[in-house]
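> Sharing a structure below in structure tokens format, with a few things to ask.
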Amino acid sequence: MIRHIGINVSDLVKAKYYYDNLLPSLGFELHIVAEDQFAYRPSDNQSGPSIFFYPALEDERYSRHKPGLQHLAFTAESRSAVNDIHAKAQLLGSEIIYPPQLFPQYRPHYFATFWLDPEGIMLESVCLTENHSN
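Just so we're aligned: 50 in the numbering used here is position 40 of the sequence shown, and the numbers increase by one with no gaps anywhere.
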């Protein structure tokens, strides 16, 4: 089981603002704040990996098309929650890759949205049920 994920970012302050406005809606709470890092963990003592953010030590731009991390997916309880996250990502100025829609090629009822964070990391919110309400 994955315990935590570490992500390097070019601007720690900008990344913290972005994720402070996004991750609570995805079921995470702020866990660590320090000069050289911040981290989120699953809210309400839920199990799951924490996400740590660190300042990048090199200037190379991230690309999901190079070897390495391709994207991070977050489970949503309903299709409405996917729609809400999509709206929040838009408000934060994120580039939307796919608006909320069904992706039957993945599996039945796979309803998701995909977008890029400020570093260009692709993020996904996905609901795997027919549940339309919160």
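Glycine included, C-beta positions come from ideal geometry on N, C-alpha and C. Quick caveat, the model's predicted, so the values are computed rather than measured.
Return helix, strand or coil for residue 50, following the three-state DSSP convention.
Looking at residue 50 - three-state DSSP - the assignment turns out to be strand.
> Just the Cα atoms here: how many angstroms apart are residue 34 and residue 99?
Residue 34 and residue 99: Cα-Cα distance of roughly 13 Å.
> If you draw a straight line from the C-alpha of residue 146 to the C-alpha of residue 67, how long is it?
This structure cannot settle anything about residue 146, because the visible part of the chain is limited to 11 through 144.
> Measure the beta-carbon distance from residue 121 to residue 89 and round it to whole angstroms, keeping in mind my assumption that it falls under 8 Å.
Yes, residue 121 and residue 89 are in contact; Cβ-Cβ is about 5 Å, under 8 Å.
> Less than 8 Å between the CB atoms is what I'm expecting for residue 127 and residue 28, so what's the real figure, rounded?
Going by Cβ atoms, the distance from residue 127 to residue 28 rounds to 6 Å, so yes, they are a contact pair.
> For residue 15, count neighbouring C-beta atoms within 10 Å of its own C-beta (all shown protein chains included) and say buried if the count is 16 or more, exposed if not.
Classification for residue 15: exposed.
> Buried or exposed, going by whether 16 or more other CB atoms sit within 10 Å of the CB of residue 73?
It is exposed - the Cβ of residue 73 has fewer than 16 other Cβ atoms within 10 Å.
> Use the C-beta contact count for residue 97: other C-beta atoms within 10 angstroms, 16 or more gives buried, fewer gives exposed.
It is exposed - the Cβ of residue 97 has fewer than 16 other Cβ atoms within 10 Å.
> Could you tell me which uninterrupted beta strand (DSSP E) segments, each at least 3 residues in length, are contained entirely in the region 14-38, listed from first to last along the chain?
As far as the region 14-38 is concerned, its whole beta strand (DSSP E) runs of at least 3 residues are 14-19.
> So, is residue 139 buried or exposed, given that buried needs 16 or more other C-beta atoms within 10 angstroms?
Answer is exposed; the Cβ neighbour count stays below 16.
> Using 8 Å for Cβ pairs, my map puts residue 63 next to residue 22. What's the rounded Cβ distance?
Right, their Cβ atoms sit about 7 Å apart.
> Could you check which residue in 41, 46, 45 has the C-alpha nearest to that of residue 53?
Closest option to residue 53, Cα to Cα, is 41.
> Let me know the secondary structure DSSP gives residue 67 once reduced to three states.
Here residue 67 sits in coil by DSSP.
> Can you tell which of 101, 103, 82 has the C-alpha that lies nearest to the C-alpha of residue 136?
Comparing Cα-Cα distances from residue 136 to each of 101, 103, 82, the minimum goes to 82.
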